[in-house]
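Everything on this sheet refers to the single structure shown next.
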Amino acid sequence: MARAVAAYYAAREPFGAGGDFTTAPEISQAFGECLGLWAAVTWEAMGRPDPVLLVELGPGRGTLMADALRAVAEVAPGFRAALRVHLVEASPRLRAAQAARIPDAQWHDGLASLPDGPALVLANEFLDAMPIRQFIRRGTGWTERYVAEGAFVERPAEDAPALPPDTPEGTVAEHSAAGLTLVRALARRCRDQGGAALLLDYGPAEAVLGESLQAMAVHGRAEVLAPAGTVDLTAHVLFAPLAAAAREAGAAVHGPLPMGLFLQRLGIMSLAALQARRAPQLARQILSGAERLVAPEAMGRLFKALCLCHPGLPVPQGFEPA
């Protein structure tokens, strides 16, 4: 799966109406603005460190970061002056698109090359593209499903994570070692150097069994076994094990909670209403885009927000107890 995902982003333009899927920053300008202002408030709670890293993982075309920077330049100029933009992106094609919007950014292939210091990390629909392993209950044990010569096959599960001992025949369990490794690294960085990481993605809040691996093309379902690089491979993010891993690594963890609730607490509908007043000819489009992000029947319930932060920070904005 990892090779197929890398090939896909290297060769295709996946985002927007002409691509294969649309992400939240492409749906509503208010999304990136909300996250930028969230970062500014969190920076204040951190004691206003200068400099501070503002990092995005998987920035797509740079839309989210550009919207965030525009908002903080207007509302929080002190934060804008203190921040240094760092983008974790492996695709040269996407780096070029990001550079057109954020020319002062610095690029990295992964977390390891980020400079030391307090950081605020944003990751929107990043974890769902990380590789997973699938295990299937067969008889009294588990097999692993993998791809060989263009077809799914099974073999005895080796080096498998802890799997439930008593489940029905054919039960599927998915496991993302890459996702857990990333979250542990973010948690340790928050613990040791200060800051917070905000992760937004789709998936269940609780631990569940079942198959979620899917392929997307032209805004619809596609064949998972299509040639590498021709479809977007994705799987639901299992937030419960990620939250547990972050706690074990020493970070404070808040959430997961529904993204719609999180964005409403940040005031996304008020931001969208302000934008609609400024551009009345686009008012319906602006308001419907924001509504799509918060409505439970759209993206508001399926998508979740999870925050990892330094244990000494107060509860981040949007994660306050009900």
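In my numbering, each residue carries its 1-based index in the sequence shown increased by 40. We treat Cβ as the ideally placed atom computed from N, Cα and C, and that holds for glycine.
Annotation: Glu263 is outside any beta strand (DSSP E) and is labelled neither H nor E by DSSP.
Between Ala330 and Met299, the C-beta gap is not smaller than 8 Å, which leaves the two residues out of contact. Pairing Val112 with Gln69, the inter-Cα distance amounts to about 13 Å. Around the beta carbon of Glu189, a 10 Å sphere encloses fewer than 16 other beta carbons of the protein chains shown; the residue is thus reported as exposed. In terms of Cα proximity to His148, the closest of Ser131, Ala283, Glu246 is Ser131. Distance from the CA of Lys344 to the CA of Tyr242, rounded to the nearest whole angstrom, comes to 6 Å. Membership of Leu154 in any alpha helix (DSSP H) is not indicated, and neither H nor E is assigned to it by DSSP.
Gly250 is not bridged by DSSP to any residue.
Distances from the alpha-carbon of Glu337 to those of Pro356, Leu104, Leu301, Cys347 put Leu301 closest.
By alpha-carbon distance to Arg195, the top candidate from Arg177, Phe166, Ala225, Leu278 is Arg177. Taking Pro351 as reference, the option from Asp232, Leu311, Gln146, Pro205 with the minimal CA-CA separation is Asp232.
For a cut-off of 8 Å, the C-beta gap from Leu94 to Arg124 is around 7 Å, short enough to register as a contact. Selection Gly250, Gln315, Thr221 evaluated against Glu288 yields Thr221 as nearest (Cα-Cα). Assignment of Glu337 by DSSP, reduced to helix, strand and coil, places it in the helix class. Counting along the chain, the unbroken beta strand (DSSP E) around Pro196 starts and ends at 191 to 196. Judged by their CB atoms, Ala285 and Cys230 are not nearer to each other than the 8 Å cut-off. By the criterion of a C-beta distance shorter than 6 Å, Gly72 is surrounded in its chain by Pro65, Leu104, Asp107, Ala108, once the five residues flanking it on both sides are discounted. Beyond the five residues adjoining it in sequence on each side, Met170 comes within less than 6 Å, by CB distance, of Ser216, Ala218, Gly219 in the same chain, given in chain order. By the beta-carbon neighbour count (other beta carbons within 10 angstroms, threshold 16), Asp199 is exposed. Secondary structure at Val115: helix, using DSSP grouped into helix, strand and coil. The segment 236 to 255 makes no contact with the segment 306 to 320, as fewer than three CB pairs between them are under 8 Å.
DSSP places Val277 outside any alpha helix (DSSP H), giving it a letter other than H or E. A Cβ-Cβ separation of about 6 Å places Pro356 in contact with His294 under the 8 Å criterion. Cα atoms of Thr207 and Ala197: separation of roughly 16 Å, rounded to the nearest angstrom.
Here Val212 is actually not in contact with Leu160; their C-beta atoms are around 36 Å apart, not less than 8 Å. Under the DSSP assignment, Gln174 falls in the beta strand (DSSP E) whose first and last residues are 173 to 178. Within the same chain, Asp241, Tyr242, Gly243, Thr274, Ala275, His276, Val277 come within 8 Å of Asp168 by CB-CB distance, once the 5 residues on both sides are set aside. Assignment of beta-bridge partners to Ala292 by DSSP yields Cys349. If you draw a straight line from the Cα of Met339 to the Cα of Arg110, it is about 25 Å long.
For Gly181, the pairing in a beta bridge is given by DSSP as Arg178. Between the alpha carbons of Pro281 and Arg317 lies a gap of roughly 43 Å. Take the alpha-carbon of Ala116 and the one of Met86: they are about 15 Å apart.
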